[in-house]
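What follows is a set of notes on a single structure, which appears directly below.
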Amino acid sequence: MSSNDFLPFVRPNIPEETIAGVADVLRSGWITTGPRVAEFEAALGDYLGGMPVLAFTHATGALEESLRAVGVGPGDEVIVPDMTFAATLNVVLRVGATPVLVDVDLASRNLDATSVEAALTERTRAVMPVHFGGLPVDMDPLYELASKRSLRVVEDAAHAIGATYKGRRIGSFGDVVCFSFHANKNLTTIEGGAVATADESARERLRALRFHGQVKLDDGSYDVVEPANKYNMTDVSARVGLDQLASLDDRNARRRELAHRYFDALAGCDGLVLPERGGDGHAWHMFAVCIPFEHFGTDRKGFREAMQSRGIGTGVHYPALHQLTVCQQLGVAAGDFPNAERIGRETVTLPLFPEMKDADVDRVAAALSAVLYD
2 MSSNDFLPFV RPNIPEETIA GVADVLRSGW ITTGPRVAEF EAALGDYLGG MPVLAFTHAT
62 GALEESLRAV GVGPGDEVIV PDMTFAATLN VVLRVGATPV LVDVDLASRN LDATSVEAAL
122 TERTRAVMPV HFGGLPVDMD PLYELASKRS LRVVEDAAHA IGATYKGRRI GSFGDVVCFS
182 FHANKNLTTI EGGAVATADE SARERLRALR FHGQVKLDDG SYDVVEPANK YNMTDVSARV
242 GLDQLASLDD RNARRRELAH RYFDALAGCD GLVLPERGGD GHAWHMFAVC IPFEHFGTDR
302 KGFREAMQSR GIGTGVHYPA LHQLTVCQQL GVAAGDFPNA ERIGRETVTL PLFPEMKDAD
362 VDRVAAALSA VLYD
């Protein structure tokens, strides 16, 4: 098998016109934060129906500073789904707050307002829902609860650029919404992120927090109003993002086509837990299935090696948060979050990116069937 035959679980696409555009930026003499970043922020804001946007170096910084910007700090609690990437947890710990974990639905991998309400205490300051895999959380009940209990909502929309909820794009409404533009995301700036929020005071604090705590003064000088980090996006990254944004809806539509083909191709694979199908609003950042490996007489390592030997790459998204060493201080016990534990134990991410052919999906499904059922 040649390297050209190998199908990775994700492959970023940077077309030649984008490469040429990046070269133009490199020749321009202005490669850090400048006119391209401003253009990208404006274009993304337009895409989100006029919602103001601030670009960041990466989504982790966007999430962390968003928590600070809405006043989360030591003594506060933030409700977080137990099934998500570790960054969602880490940013809560880094601002000195306590993450309160809740279980997720087995198919959607998302939390819901009922589980959030059951976890509320007098110390709860914010909720951080994660639109897992590009499937929007059911946001209306969550925002109703947040309004009733005076909670801030910082959405981790790392998987959800281009996703829609009841006809509205994620990021076009709500409190504070954070996107990721990492190399494997539906829209990439190589590394990068953004915050969309209509909260002017939070936005102005975020503007300072992403660049050393600086605020500009009328005479052209600046003041530093609080100690802060540095998360400003570069023009090079923004130039990549502009082209990616222009093709995002078409690429997400292709992701949906491929995901639907997976459902058809895997329909006869008894025992698997497929992700929730969702509707046209699903961004399909990834296609993760749960496989009860013990039932099939194998384990995840053996399964992935068998797929690799057939020229197919897979991923693991994600371990349950409470099983990570960093969470030992939270006092969570095995069995507290059975759905997240099962997902973490059984999940395997199958290849999904817009350049895939229909035949690639069929090949993955055939290989999976051969490994598990033959």
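The sequence shown begins at 2 in the working numbering and counts up one residue at a time. Backbone N, C-alpha and C define an ideal beta-carbon position, used for all residues, glycine too. Owing to the predicted nature of the structure, the values given are computational and were not obtained by experimental measurement.
Query raised in the report: Which parts of the stretch 197–221 are runs of the beta strand (DSSP E), unbroken and 3 residues or longer, counting only runs that do not cross its ends?
Result: 215–217
Query raised in the report: Apart from the five residues on each side of it in sequence, which residues of its chain come closer than 7 Å, Cβ to Cβ, to Ala-158?
Result: His-132, Ile-171, Gly-172, Val-178, Cys-179 and Phe-180
Query raised in the report: With a CB to CB cut of under 6 Å and the five nearest residues on each side skipped, what residues in its chain are close to Asp-244?
Result: The residues are Thr-19.
**Report entry** Reduced DSSP category for Glu-156 - H, G, I as helix; E, B as strand; rest coil
**Finding:** strand
Report task. Assign Asp-104 to one of three DSSP states: helix, strand, or coil. Result -> coil
Query raised in the report: Below 8 Å, can you find three or more Cβ-Cβ pairs linking the stretch 367–374 to the stretch 305–322?
Result: yes
Query raised in the report: Taking C-beta to C-beta, are Ala-289 and Val-349 nearer than 8 Å?
Result: yes
Requested in this report: Give me the Cβ distance between Tyr-232 and Phe-86, rounded to the nearest whole Å; I'm assuming they're in contact under 8 Å.
Outcome: Incorrect: roughly 18 Å between the Cβ atoms, too far for contact.
Query raised in the report: In three-state DSSP terms, what is Phe-180?
Result: strand
Query raised in the report: Three-state secondary structure (DSSP) at Tyr-144?
Result: helix
**Report entry** Under the three-state DSSP convention, the category Pro-339 falls into
**Finding:** helix
**Report entry** Option in Thr-99, Met-357 and Asp-113 with minimal Cα separation from Arg-257
**Finding:** Met-357
Query raised in the report: According to the Cβ coordinates, are Gly-62 and Pro-53 closer than 8 Å?
Result: Pairing Gly-62 with Pro-53 gives a Cβ-Cβ distance that is not under 8 Å.
Query raised in the report: When the distance is taken between beta carbons, is Gly-314 closer than 8 Å to Pro-352?
Result: yes
Query raised in the report: Which term fits Phe-264, buried or exposed, when burial requires 16 or more other beta carbons within 10 angstroms of its beta carbon?
Result: exposed
Query raised in the report: Between Arg-346, Ala-21, Val-327 and Glu-192, which lies nearest to Val-92 when the distance is taken from Cα to Cα?
Result: Residue Val-327 holds the alpha-carbon nearest to the alpha-carbon of Val-92 among Arg-346, Ala-21, Val-327 and Glu-192.
Query raised in the report: For Leu-267, which residues of its own chain have a beta-carbon under 8 Å away from its beta-carbon, when the five flanking residues on both sides are left out?
Result: Leu-273, Leu-275, Val-290, Ala-366 and Leu-369
Query raised in the report: Which stretch, first to last residue, makes up the alpha helix (DSSP H) that contains Leu-121?
Result: Taken as a continuous stretch (DSSP letters only), Leu-121 belongs to no alpha helix (DSSP H), as it is neither H nor E.
Query raised in the report: To the nearest angstrom, how far is it from the Cα of Pro-142 to the Cα of Thr-122?
Result: Taking the straight line joining both Cα atoms gives about 18 Å.
Query raised in the report: Is Asp-251 helix, strand or coil by DSSP?
Result: helix
Query - Outcome for His-160 when other beta-carbon atoms lying within 10 angstroms are tallied against a minimum of 16 - result: buried
Query raised in the report: Beta-carbon separation of Leu-102 and Leu-322 under 8 Å?
Result: yes
Query raised in the report: Should the stretch 199–210 be called in touch with the stretch 219–234, which here means at least 3 C-beta pairs below 8 Å?
Result: Proximity of the stretch 199–210 to the stretch 219–234 meets the contact definition, three or more beta-carbon pairs being nearer than 8 Å.
Requested in this report: Measure the alpha-carbon distance for Gly-28 versus Lys-186 and round it to whole angstroms.
Outcome: In the sequence as displayed, the identity of residue 28 is Arg instead of Gly. Near 27 Å, if we compare the C-alpha coordinates of Lys-186 and Arg-28.
Query raised in the report: Are the beta-carbon atoms of Thr-190 and Ala-239 separated by less than 8 Å?
Result: yes
Report task. Give a yes or no on whether the C-beta atoms belonging to Val-105 and Ala-127 are separated by under 8 Å. Result -> no
Query raised in the report: Going straight from the alpha carbon of Phe-174 to that of Asp-200, what length do you get?
Result: 11 Å
**Report entry** Distance between Gly-193 and Arg-262 (C-alpha atoms, nearest Å)
**Finding:** 30 Å
Report task. Tell me whether Phe-174 sits in a helix, a strand or coil according to DSSP, three-state version. Result -> coil
Requested in this report: Can you check DSSP and say which residues form a bridge with Ala-127?
Outcome: Val-79 and Arg-153
Report task. Using the DSSP secondary-structure output, state which residues sit across from Tyr-223 in a beta bridge. Result -> Lys-217
Query raised in the report: Which class does Phe-354 belong to by DSSP, given the choice of helix, strand or coil?
Result: When secondary structure is reduced to three states using DSSP, Phe-354 falls in the coil class, being assigned neither helix nor strand.
Query - Burial state of Ser-109 (16 or more Cβ within 10 Å) - result: buried
Query raised in the report: Which runs of the beta strand (DSSP E), 3 residues or longer, sit entirely within the stretch 262–327?
Result: 288–291
Query raised in the report: Would you report the Cα separation of Arg-124 and Gln-215, rounded to the nearest angstrom?
Result: C-alpha of Arg-124 to C-alpha of Gln-215: approximately 31 Å in a straight line.
Query - Neighbourhood of Glu-277 by C-beta distance below 7 Å, restricted to the same chain and skipping five residues each side - result: Ala-108, Ser-109 and Leu-136
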